[in-house]
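Participant: Here the sequence shown is numbered in the UniProt record's numbering, starting from 1 and rising by one per residue. Cβ coordinates follow ideal geometry from the N, Cα and C atoms, glycine included.
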Amino acid sequence: MAPLMKFAGKELVKLYTYELKDIYLFLKSVANNPESFHIEKADEKRDKLKAIYEQILSLCPLDKTQFEEVKPDVKEENFEPRKQGTSKTDPDFQPRQHIYRRLRRPDDDPGDPKIRVNLNDTWSHHYPLGLQEEKLPYWCHYDLLGLFFSLMGPAQQNSGRFNFFLPLTAVYTRWCFTIGGSRKRTDLHDAQALAFVEKPGHGPAPAIFQCTWGEGEESKVDFSLGASMGGQNFAAKPLPGWKTHLQRARFDLLWNWNDIKSSKWTDSKNVVHDFGFGSSPGKTEFGNCGETYPFIHMLGAHRKEGQDKVEGLALSPSFLIDEDLWNGYSLSKIYAESQTKRDPDDDIGYKYMWSPCPNCKHLITHVDIGMLDRFRPDKTPPSAADLEQGDGSAGKSGSLCRNKLSATSLNCK
1 MAPLMKFAGK ELVKLYTYEL KDIYLFLKSV ANNPESFHIE KADEKRDKLK AIYEQILSLC
61 PLDKTQFEEV KPDVKEENFE PRKQGTSKTD PDFQPRQHIY RRLRRPDDDP GDPKIRVNLN
121 DTWSHHYPLG LQEEKLPYWC HYDLLGLFFS LMGPAQQNSG RFNFFLPLTA VYTRWCFTIG
181 GSRKRTDLHD AQALAFVEKP GHGPAPAIFQ CTWGEGEESK VDFSLGASMG GQNFAAKPLP
241 GWKTHLQRAR FDLLWNWNDI KSSKWTDSKN VVHDFGFGSS PGKTEFGNCG ETYPFIHMLG
301 AHRKEGQDKV EGLALSPSFL IDEDLWNGYS LSKIYAESQT KRDPDDDIGY KYMWSPCPNC
361 KHLITHVDIG MLDRFRPDKT PPSAADLEQG DGSAGKSGSL CRNKLSATSL NCK
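1) Given that a residue counts as buried once 16 or more other Cβ atoms are within 10 Å of its Cβ, and exposed if not, what is Trp-326?
2) How far does the alpha helix (DSSP H) with Pro-358 in it reach, from first residue to last?
3) Give a yes or no on contact between the segment 204-212 and the segment 226-244, applying the rule of three or more CB pairs nearer than 8 Å.
4) If I'm right that Pro-95 touches Asn-233 with Cβ under 8 Å, what's the distance once you round it to whole angstroms?
5) Does the Cβ-Cβ distance between His-141 and Gly-231 come in under 8 Å?
6) Looking only at DSSP bridge pairs, what is Arg-116 linked to?
7) Taking just the CA atoms, how far does Lys-28 sit from Gln-66?
8) Using 8 Å for Cβ pairs, my map puts Thr-178 next to Ile-23. What's the rounded Cβ distance?
9) What residue from Asp-324, Ala-31, Val-310, Glu-388 has the CA that sits closest to Ile-369's CA?
10) Which residues share a DSSP beta bridge with His-125?
11) Across which residues does DSSP place Thr-212 in a beta bridge pair?
12) With distances taken from CA atoms, which of Trp-255, Thr-17, Gly-290 is nearest Ala-314?
13) Since Ser-383 sits in a beta bridge, which residues does DSSP pair it with?
14) How would you label Val-171, buried or exposed, when you count the other beta carbons within 10 angstroms and need 16 or more for buried?
15) Count the CB pairs spanning the segment 367-384 and the segment 328-335 that are closer than 8 Å, and state whether there are at least three.
16) Spatial neighbours of Glu-35 within its chain, please: CB distance less than 7 Å, with the 5 preceding and 5 following residues excluded, ordered by chain position.
17) Count the other C-beta atoms from every protein chain shown that fall within 10 angstroms of the C-beta of Ile-273, then say buried if there are 16 or more, exposed otherwise.
18) In the DSSP output, which residue or residues are listed as bridge partners for Glu-11?
19) Taking 8 Å as the cut-off, does the segment 248-263 touch the segment 216-223 (at least 3 CB pairs, one atom from each stretch)?
20) Can you check DSSP and say which residues form a bridge with Asp-274?
21) The alpha helix (DSSP H) spanning residue 435 covers which residue range?
22) Quick one: residues in its chain with C-beta nearer than 7 Å to the C-beta of Gly-282, no 5 flanking neighbours on either side, listed in chain order?
23) Taking the alpha carbon of Asn-288 as the reference point, which residue from Glu-215, Ile-348, Gln-210, Gly-328 has its own alpha carbon closest?
24) Helix, strand or coil for Tyr-16? Go by DSSP, reduced to three states.
25) Exposed or buried, what is Ala-235 when buried is set at 16 or more other beta-carbons lying within 10 Å of its beta-carbon?
26) Quick one: residues in its chain with C-beta nearer than 6 Å to the C-beta of Ser-263, no 5 flanking neighbours on either side, listed in chain order?
27) Taking DSSP's pairing of strands, which residues face Ser-279 in a bridge?
28) By Cβ distance below 6 Å, which residues in the same chain neighbour Arg-376 in space, the five residues on each side in sequence not counted?
29) For Phe-79, tell me which candidate among Lys-88, Asp-73, Ser-87, Leu-62 has the shortest Cα-Cα distance.
30) Who pairs with Arg-96 in a beta bridge, going by DSSP?
31) Return helix, strand or coil for Thr-89, following the three-state DSSP convention.
32) Tell whether a beta-carbon distance below 8 Å holds between Pro-3 and Asn-120.
33) Going straight from the alpha carbon of Leu-25 to that of Val-70, what length do you get?
34) Name the one or two DSSP bridge partners that Arg-82 has.
35) Opposite Trp-354 in the DSSP bridges: which residues?
36) In this structure, does DSSP put His-219 in helix, strand or coil?
Written as C-alpha cells, this is what we have:
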C-alpha cells in the first residue's frame, strides 16, 4: 500500500487532529476558496460549498459564535431558533437539536407533531456526482458535513480503503463528534481539551459513519460519506410523533431508489415481508443507517456503470473512547479485532469496523448480491503492508485511556 493519500492537499493524519476552531476555519476556507484546495470544478462547486457550510454552522452548538472569524457566517440559528427579529429563544422550537425544523402549519395533518423536518428547497442539494436535476433534502449537520466532504472529491488515483477512505471516514467521525452533540468526556482536567468553552450541543454522535466509493472518470475515485440518524432531541417529555416523523423522513429518502419499494425480505421464520416503513429485518427503520445517503449517491440508477467495483466500510465512533485513537489515527488500532462478532456470518469480529446490518444487506443485495463482501471488514482486511503504512500518525500504543469519552455520549452499541 502507498502512504496515506492527501485530502484537498492536506494530510489526513493532521486533519484528524483538528479541533473546533480548526474545523470551522477549514470549512470556511474551502467554501470561500475551493480552488486553493485542489478541488476539481472549484468554480462550479463554490456556491454549493458555501451554502452547505452556512447550513452546517446554523445547526452547530451556540459556542460557534465565540470565534470572530466564524461569527459573521452564522446567517441564522437553527440549532436553537430565535423569535423573529429578537435574540430570544423561540419556545415553540424547543427542545434544541441539530435538526432543521419548522412549525406545524394549518394545512398539515393536525395529528402531526408540532415541529416537523423542514424540507426546504434551499436545503436540498444535487448529488455530488449524479444528474444535476436530482436532489436530496438535508436537515442534519452530520449529513451536511458528509456531503461537504463528498463535494470535495473525487479522490485521486490509487486511493483505496486503507490509504484514504478509512482515514477519511475517521476524520469525518471525529469532526462530527467535535462540531455537534454533547461532546462528553469524563475525567477532563479542563474544558479546553476539546477546544470548546461552553454550550455544547445535544445528544450522542450518530451510531455509525459510512463511506462508499467506486471508480470514477479518468481513473479517479468517486465517494460519498454519510452518518446514521443523529442530532435529534426527543426530550425528557417526548413530543408526540416526533421520533416517528424523523424516522419516516429518513425512510422516504429511499422510496424512489432502485425500485426498492417493490422489494421483499424474509425473516428467520421464512415469512416474506414487503419493503415498507415499520417493516424491516433490522432493529431500526430502513433509511436510519449511515449508508442511506452514500447508497443513494453511489448505487442509484443514475450510476449503473462501475457498480461492479463499488466498495464500502462502516465505522463505529466508539474508537474515540481510546485515548490513543483520540490523539492520532492508527490503522492497526482502528481495525482491532474483537472476540464478539456483530454479524454471525463474519469470519472475524472487530471492535470498531462494522459489517452491514440486515437492513443494509437488503439494500446491497437488491442492487447486486455479489457486492456484499466488498462491504464486510472480515472480507477486506488490511495486509501487513497496509498496517505498516497506516500507522504513520500520532497514534501511540497503549491500553484504554485514562481520560475517556463517555460511551453513552457516543451512542455505542
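Facilitator: On the basis of the coordinates in this document:
1) buried
2) 358-367
3) yes
4) 4 Å
5) yes
6) Arg-102
7) 15 Å
8) 6 Å
9) Val-310
10) Leu-136
11) Ser-224, Gly-312
12) Gly-290
13) DSSP, once it has assigned bridges, lists no residue as partnering Ser-383.
14) buried
15) yes
16) Ala-42
17) The sequence given here places His at residue 273; Ile does not occur at that position. So His-273 counts as exposed.
18) Lys-6
19) no
20) Lys-264
21) Coverage of the chain is limited to positions 1 through 413, which leaves residue 435 absent and any answer about it impossible.
22) Cys-357, Pro-358, Asn-359
23) Gln-210
24) coil
25) exposed
26) Phe-275, His-366
27) Gly-276
28) Ser-355
29) Leu-62
30) According to DSSP, which records beta bridges pairwise, Arg-96 is partnered with nothing at all.
31) strand
32) no
33) 7 Å
34) Thr-89
35) Ala-314
36) Before going further, note that residue 219 is Ser rather than His in the sequence given. It is helical.
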